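Taken in order, the sequence shown gives residues 1282 to 1573; the numbers are from this note's numbering.
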Amino acid sequence: MTGSIEDPWALLRRLKLGREEFCQRLLTMLVLEGPYPRWNTRSTPSERGLRFLRRLDQLSFGIAEFDDAAVFVDELDLPSRDGVEPGCAPDYAVVTASRLWIVELKTEAASHRADQVPSYFAYAAHHHPDARIDLTYISPPFRGPALEAANGGRFAHLTWPDLMPLVVEVWGRQPGVLGRIVEALSQTLEESDEKWQAWRTGRLDEPAAAARALARRTSADGRQRALDHRFDSIEELEQVRVQLRDELIRDGSDSRPWVWRAATSGGEALTATGAETGYELRLSRYTEGRLD
1282 MTGSIEDPWA LLRRLKLGRE EFCQRLLTML VLEGPYPRWN TRSTPSERGL
1332 RFLRRLDQLS FGIAEFDDAA VFVDELDLPS RDGVEPGCAP DYAVVTASRL
1382 WIVELKTEAA SHRADQVPSY FAYAAHHHPD ARIDLTYISP PFRGPALEAA
1432 NGGRFAHLTW PDLMPLVVEV WGRQPGVLGR IVEALSQTLE ESDEKWQAWR
1482 TGRLDEPAAA ARALARRTSA DGRQRALDHR FDSIEELEQV RVQLRDELIR
1532 DGSDSRPWVW RAATSGGEAL TATGAETGYE LRLSRYTEGR LD
């Protein structure tokens, strides 16, 4: 299976990912010992991936509480509850019949948002009302108020120096691409924040500008269109959707952005990136309470 995994540095050159997204993809490929999946896909961890997740669960909460039937999700989609607020998407989830364990990865202290953990608990409880919600938050050390669990769940805050020994323990001696992924992950986490912040410059402005151009064309001819842009995450896509929606409403446009999801929206992707990720930002004409 490992023969289909992309070399980590080739992946970075191809997609120009930010550090957080790069680390997320590397760790996902280790857990699955396979290629990076579509977002929000229920995947089966490898044997070593299960061992790593159990060790992480034990480190977080003192005990590992899932069996071999647990599924792993990269980019767990928790859609907007009312269509107005943006949805959210924790980096990982381990899902069983009675438990939803969320894992959020942060490599940059500046990307920490005070409302993020509470929103994850709230959205997860809304979309998974019968599951116990636990959350492990992995980040650099940061100053600020202590984060807390909600809705009867549990919360654990770990740092990357807590996590990396588990990665090395499970995959550090593996040959080939798995070993190179471990090396790339270790090296990436040691780099300066400034080097990686350069990748992020303008990433949200660029797709919004392109989407505005599509919206003007859709208003003119009524044709549905999709933005061919590789978002780093579902949350980034949602941020652009909400930003664009507010701008179009303010400008009096009759075009509206929405998120096409391969699993639930029907039809086929209109772009290559939509086919790969299973998600697209689309523009449709809005008339009399419906999207055309």
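Virtual Cβ for every residue (Gly too), placed ideally from N, Cα, C.
Bear in mind that the values here come from a model prediction, so they are computed numbers and not experimental data.
- Distance from the CA atom of E1314 to the CA atom of Q1455, rounded to whole angstroms, is 11 Å.
- The residue among W1539, F1436, A1406, S1379 with its C-alpha nearest the C-alpha of Q1339 is F1436.
- Membership of A1291 in any beta strand (DSSP E) is not indicated; the residue belongs instead to the alpha helix (DSSP H) covering 1289-1296.
- The beta strand (DSSP E) runs of length 3 or more contained entirely in the segment 1301-1382 are, from start to end of the chain, 1322-1324, 1352-1355, 1373-1376.
- In this structure the segment 1368-1386 touches the segment 1406-1422; the number of beta carbon pairs closer than 8 Å is three or more.
- Burial of A1351 is indicated by the presence of at least 16 other C-beta atoms within 10 angstroms of its C-beta.
- Uninterrupted alpha helix (DSSP H) stretches at least 4 residues long and entirely within the segment 1386-1457 occur at 1397-1408, 1441-1452, given in chain order.
- Remark: C-beta atoms of D1532 and Y1567 do not approach each other more closely than 8 Å.
- The residue among W1541, S1565, L1564 with its C-alpha nearest the C-alpha of E1557 is W1541.
- Looking at the DSSP output, A1491 sits in no beta bridge, so it has no partner there.
- Between R1306 and Y1317, the gap from beta carbon to beta carbon is short of 8 Å.
- The beta-bridge partner set that DSSP reports for S1536 consists of R1566.
- A1496 sits in a helix when the DSSP states are folded into three classes.
- A direct Cα-Cα distance of roughly 11 Å separates G1547 from G1559.
- The straight-line gap separating the alpha-carbon atoms of A1405 and R1497 is approximately 36 Å.
- Annotation: Y1401 to A1465 spans about 29 Å, alpha carbon to alpha carbon.
- Secondary structure of L1551 (DSSP, three-state): coil.
- Taking all protein chains shown into account, V1449 has fewer than 16 neighbouring C-beta atoms within 10 Å of its C-beta and is therefore exposed.
- Contact between the segment 1320-1333 and the segment 1347-1365 is present, with at least three C-beta pairs closer than 8 Å.
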